[in-house]
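Let me begin by presenting the structure, written as structure tokens, before commenting on it.
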Amino acid sequence: MIYKVYYQENALEVPVRENTKSLYLEASSEREVRQYLKDRNYNIEFIQLLEGNYLEYEKNSPDFRLENA
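1 is the number of the first residue of the sequence shown in UniProt numbering; add one for each residue after it.
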């Protein structure tokens, strides 16, 4: 399954919407995504499962780079 993770780069700073970034990760569960990212100092805002048409739309984005957990 492919997940889109919305995050702030520094967990110690106050979240600002304009600084929110995203990454795409292939993993078997949301728990695996969190486990994979725990060593990074990210403030994870939201993890979204991508399926169907939404996944196809994201794949056409120039920012789509898939990481594997």
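Here a beta-carbon is modelled for each residue, glycine too, at the ideal position from N, C-alpha and C.
Just so it is clear, the structure is predicted and the values come from calculations on it, not from any experiment.
Which of helix, strand or coil DSSP assigns to residue i
{"i": "Leu-55", "result": "helix"}
{"i": "Leu-37", "result": "helix"}
{"i": "Glu-13", "result": "coil"}
Identified DSSP bridge partners for residue i
{"i": "Lys-21", "result": "Tyr-7"}
{"i": "Glu-67", "result": "Leu-25"}
{"i": "Asn-60", "result": "In DSSP, Asn-60 forms no bridge with anything."}
Straight-line gap, residue i to residue j (C-alpha atoms, nearest Å)
{"i": "Asn-60", "j": "Thr-20", "result": "20 Å"}
{"i": "Phe-46", "j": "Gly-52", "result": "19 Å"}
{"i": "Tyr-6", "j": "Arg-31", "result": "15 Å"}
{"i": "Gln-8", "j": "Glu-67", "result": "18 Å"}
{"i": "Val-33", "j": "Val-14", "result": "23 Å"}
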